[in-house]
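Notes follow the structure.
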Amino acid sequence: MAQKQLSLAKERVTLRINEFNTKFDEFTNKHKCQNELMEEILSKKLEELIECQSKAEVRYTATDLLITFVNKSRAVTSEFNCIQYFFVEALKRAEELDNLSNDEKDKLPLFGLPFSVKGNFFMPGYPCDCGLTKKYDEIETKKNTIVEHLETLGGNPFCYTTVPQALISLCCSSPLYGVTKNPYNKECTPGGSSGGEACLVATGGTPFGIGSDLAGSLRIPAAMCGISTVKPCKETLFALHSEKGLGGLSCLALCFGFFTKHAYQQELLWKIFFRDDCYCKKVPLNIPGGIKFDKFVKPKKIAYFKTTGFIDTVPSNRRAVDNVLEVLKNDGCQVVEFKLPDGVELAKMVFDLILSDNGDWLCKSYQGEVVDEFIKPFYRAVLIPQFIKTLSSYITHWISPQISVMSSVGISDTISLREVHNKVERMRQDFISQFQDEGFDFIICPTFPIPGVPYKNIAYLGATALDTALWNALDFPAGIITTDKVNNEDIIKLDEEYKNVGWNLLLKNVYDGCKTSLGMPIGVQVVTLPYQEGKLIQFMSYIENLMLNKD
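Going by the working numbering, the first residue of the sequence shown is number 454, and it counts up by one from there.
Printed below as a string of structure tokens:
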């Protein structure tokens, strides 16, 4: 039955794709766009495109922009499989935008600019299925509020990007839409759950993208695909009408943000998005005013850590932190190590939050589905009865502390849930106190314990998500900057550090995945106090510039 459902859903996906292809051919016959013009558009950076669209004398038509990026993204997805389908409505919208007067166009800072949409944002007339065939016939009638607001600014949503089946995964694959590949290595994951978005932005198939982050779903793909993003606080940018992945997680912040190629482009988009209070009025769950940008002041004291103490950061990602700390010290900043709680304690708290219903939501999501091959290990682990998990945790404690913790996570009673929520509240207060008592402006820490690794390995490495999920639990803003790539020396050090992992199967998977990571992007994660996103974004741009000019 599940296989038959999957086959029917695939047929409908093909019909949608064919419908768009037919209408797009008609559109391009009606609106000719020369190859030279498309090359010119694609050669421009995001800030250059936005600048062009603000001036009538050099402004591109919305139809030329759409044709250019549809053609480019088609080429990208044929190679990396990062798009579910294109929106037919984008064709009509481009024509409507071009029919506006110059005065009307001048008021739209994103006039005609296409942008991609993560596959868990509601779009009217399309299923928000997240790779689940049972949801393919559920056609949405509402539009995500971020998409709506970007349209009021002149943007044109043009495609739905791929996500992992049921969202909660470091992979980006599903039986319905297939496997999305990393643009740096096709054997590797682009990260999840916003892997399609990150891949498309990294390859130039869209000027910018939008996504969500429940445990790292913006930051992990950005790190693995070599681009930039910011996870704000939950109430800085609250969105209505999206699939959450895990509902009812009151103590794990679901956040929304943008993907851009560079950190400095984040400031440009956020300033445009919050240029007035229209969005905050439309969605009153946001704090008034959105993100504020004051004059940037160079920080004096920076905190750092190189590992959470649960899964040690591999040499390449550790080097990325060291390199950023070095340029900051050379620039006059004082750097001091941030004191983290015990790594096992951190991991238990965060993963208990993620599985605060003992996996019930996820089990129901996968019921009646052909489960993706790279998600099966996680799904099978969730299905294991609690008493077997407890026994497994005890047995594996001496072999792999990480597997022992992951075997024991999950909450099955309300008293335990309250206790975990209380731990989160206390830890949030402790982190804020350490920031204030020590006079820290920011924390520099790893983007992730590992760079992008092959699918066969990442399927067993869900425990690595602690480095990003921690900041959802505490609801601190965090951003990703790409600074370098894995080099030969990193691989040599990896061999030295991981040659004696013994029977620790999780660390064996870390080693096996990372030993093939030569050339994969690396960078740092930057964190600051709640509701200081403007300061964070400016500091990210500052670091990016320091790294660019360090030689």
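Don't be surprised by glycine CBs; every beta carbon is placed ideally from N, CA and C.
All values reported here derive from a predicted model rather than from experimental measurement.
Let me know the secondary structure DSSP gives aspartate 894 once reduced to three states.
Along the sequence shown, read from residue 1 onward, the residue named residue 894 stands at position 441. Looking at aspartate 894 - three-state DSSP - the assignment turns out to be coil, as it is neither helix nor strand.
Would you identify the three-state DSSP class for asparagine 811, choosing helix, strand or coil?
Counted from its first residue, the sequence shown places residue 811 at position 358. Correct three-state label for asparagine 811: coil.
Closest to alanine 916 by CA distance: which of Ser860, Pro899, Lys952 is it?
As a first step, residue 916 must be located in the sequence shown, where it is residue number 463. When each option's Cα is compared against that of alanine 916, the closest is Ser860.
How far does the alpha helix (DSSP H) with aspartate 556 in it reach, from first residue to last?
Counting from 1 along the sequence shown, the entry for residue 556 is found at position 103. Here the alpha helix (DSSP H) through aspartate 556 covers 555-559.
Between the alpha carbons of valine 683 and glutamate 549, how many angstroms are there, rounded?
By 1-based counting over the sequence shown, the position of residue 683 is 230. By 1-based counting over the sequence shown, the position of residue 549 is 96. Answer to the nearest angstrom: the Cα atoms are 32 Å apart.
Thinking C-alpha only, which one of Lys753, Lys782, Val858 is nearest valine 797?
Residue mapping note: residue 797 aligns to position 344 of the sequence shown, counting from 1. The shortest C-alpha separation from valine 797 is found at Val858.
Please go through the same chain and pick out, in chain order, the residues whose beta-carbon is closer than 8 Å to the beta-carbon of asparagine 998, but skip the five residues on each side of it.
One-based indexing of the sequence shown puts residue 998 at position 545. Tyr717, listed in sequence order.
Whole angstroms is fine: what's the gap from glycine 669's alpha carbon to glutamine 456's?
Position 216 of the sequence shown holds residue 669. Position 3 of the sequence shown holds residue 456. For glycine 669 and glutamine 456, the distance between alpha carbons rounds to 31 Å.
Confirm, please, whether the CB-CB distance from lysine 498 to lysine 751 is below 9 Å.
The residue given as residue 751 occupies position 298 in the sequence shown. The residue given as residue 498 occupies position 45 in the sequence shown. Against a cut-off of 9 Å, the Cβ pair of lysine 498 and lysine 751 comes out as no contact.
What would DSSP say about glycine 679, mapped onto helix, strand or coil?
For the purposes of this step, residue 679 is taken as the residue at position 226 of the sequence shown. Glycine 679: coil per DSSP, three-state reduction.
Using the Cα positions of lysine 753 and cysteine 786, report the straight-line distance between them to the nearest angstrom.
Here residue 753 is taken as the residue at index 300 of the sequence shown, counted from 1. Here residue 786 is taken as the residue at index 333 of the sequence shown, counted from 1. Cα to Cα, lysine 753 sits roughly 5 Å from cysteine 786.
Give a yes or no on whether the C-beta atoms belonging to lysine 687 and alanine 675 are separated by under 9 Å.
On the sequence shown, position 234 is the one that residue 687 refers to. On the sequence shown, position 222 is the one that residue 675 refers to. Taking 9 Å as the Cβ cut-off, lysine 687 and alanine 675 do not qualify as a contacting pair.
Leaving out the 5 sequence neighbours to the left and right, which residues in its chain are closer than 6 Å to glutamine 618 when beta-carbon positions are compared?
Along the sequence shown, read from residue 1 onward, the residue named residue 618 stands at position 165. The answer, listed in chain order, is Gly584, Ser627, Asp825, Ile828.
For isoleucine 494 and aspartate 517, which I take to be in contact (beta-carbon distance under 8 Å), what is that distance rounded to the nearest angstrom?
As a first step, residue 494 is located in the sequence shown; it is residue number 41 there, counting from the start. As a first step, residue 517 is located in the sequence shown; it is residue number 64 there, counting from the start. Yes, they are in contact, since the Cβ atoms of isoleucine 494 and aspartate 517 sit about 7 Å apart, within 8 Å.
Shortest alpha-carbon distance to phenylalanine 804 belongs to which of Val788, Trp924, Cys625, Thr689?
Residue 804 sits at position 351 when you count from the first residue of the sequence shown. Considering only alpha carbons, the answer is Trp924.
Measure from the alpha carbon of asparagine 962 to the alpha carbon of each residue in Phe992, Gly905, Asp730, then state which is nearest.
Here residue 962 corresponds to residue number 509 of the sequence shown, with the count starting at 1. Among Phe992, Gly905, Asp730, the Cα nearest to that of asparagine 962 is on Gly905.
Isoleucine 934: buried (16+ other C-beta within 10 angstroms of its C-beta) or exposed?
Start at 1 with the first residue of the sequence shown, and residue 934 comes out as number 481. The residue is buried, with at least 16 neighbouring Cβ atoms inside 10 Å.
Can you give me the Cβ contacts of threonine 475 inside the same chain, cut-off strictly under 6 Å, excluding the 5 residues immediately before and after it?
Against the sequence shown, residue 475 aligns to sequence position 22. Once the five neighbours on either side are set aside, threonine 475 has no close Cβ partner at all.
Go ahead and pull the three-state DSSP assignment for isoleucine 975.
Position 522 of the sequence shown, counted from the start, is the residue given in the question as residue 975. Here isoleucine 975 sits in strand by DSSP.
Alpha carbon to alpha carbon, what distance is there between histidine 484 and leucine 544?
What you label residue 544 is simply residue 91 of the sequence shown in a count that begins at 1. What you label residue 484 is simply residue 31 of the sequence shown in a count that begins at 1. Looking at the two C-alpha atoms, the distance is approximately 11 Å.
At a cut of 8 Å, does the segment 950-962 reach the segment 836-847 through at least three beta carbon pairs?
Result no; under three Cβ-Cβ pairs closer than 8 Å.
Within the continuous beta strand (DSSP E) that includes aspartate 937, where are the two ends?
Walking along the sequence shown from the start, residue 937 turns up at place 484. Element bounds for aspartate 937: 931-938.
Got a sec? Which residues, its chain only, sit under 6 Å from arginine 469 by beta carbon, not counting five neighbours each side?
As a working note, residue 469 is residue 16 in the sequence shown. Same-chain partners within the cutoff: Tyr538.
Does methionine 454 pass the burial test, meaning 16 or more other C-beta atoms within 10 Å, or should it be called exposed?
Position 1 of the sequence shown, counting from 1, holds the residue named residue 454. Exposed is the call here.
Here's the rule: buried if 16 or more other CB atoms are within 10 angstroms of the residue's CB, otherwise exposed. What is asparagine 471?
Taking the sequence shown and counting its residues from 1, one reaches residue 471 at position 18. Classification for asparagine 471: exposed.
Could you tell me whether the Cβ atoms of isoleucine 673 and phenylalanine 901 are closer together than 9 Å?
Position 220 of the sequence shown holds residue 673. Position 448 of the sequence shown holds residue 901. Yes, the pair counts as a contact, with Cβ atoms nearer than the cut-off.
Taking just the CA atoms, how far does asparagine 482 sit from arginine 527?
One-based indexing of the sequence shown puts residue 527 at position 74. One-based indexing of the sequence shown puts residue 482 at position 29. Roughly 17 Å separates the two Cα atoms.
To the nearest angstrom, how far is the alpha carbon of threonine 633 from that of valine 523?
By 1-based counting over the sequence shown, the position of residue 633 is 180. By 1-based counting over the sequence shown, the position of residue 523 is 70. In a straight line, the C-alpha of threonine 633 is about 18 Å away from that of valine 523.
What is the DSSP secondary structure of lysine 961, counted as helix, strand or coil?
As a first step, residue 961 must be located in the sequence shown, where it is residue number 508. It is helical.
For the alpha helix (DSSP H) containing phenylalanine 1026, name the first residue and the last one.
In the structure as shown, the chain starts at 454 and stops at 1004, and residue 1026 therefore has no counterpart that could be examined.
Which runs of the beta strand (DSSP E) fall wholly inside the segment 641-691 and span at least 3 residues, in chain order?
DSSP runs (the beta strand (DSSP E)) wholly in the segment 641-691: 662-666, 681-684.
Could you spell out the range, first to last residue, of the beta strand (DSSP E) harbouring serine 970?
Position 517 of the sequence shown, counted from the first residue, corresponds to residue 970. Counting along the chain, serine 970 falls outside any beta strand (DSSP E), and DSSP gives it neither H nor E.
Which class does glutamate 696 belong to by DSSP, given the choice of helix, strand or coil?
For this step, residue 696 is matched to residue 243 along the sequence shown. Residue state, collapsed to three classes: coil.
Could you give the residue range of the alpha helix (DSSP H) that holds proline 768?
For the purposes of this step, residue 768 is taken as residue 315 along the sequence shown, with counting starting at 1. Taken as a continuous stretch (DSSP letters only), the alpha helix (DSSP H) holding proline 768 covers 768-783.
Any chance the segment 604-620 sits against the segment 564-584, with 3 or more Cβ pairs inside 8 Å?
Output reads yes: the segment 564-584 touches the segment 604-620.
Let's test the definition: count the other Cβ atoms within 10 Å of the Cβ of glutamine 506 and tell me whether it reaches 16, buried, or not, exposed.
Position 53 of the sequence shown, counted from the start, is the residue given in the question as residue 506. Classification of glutamine 506: buried, given that the 10 Å Cβ count is 16 or more.
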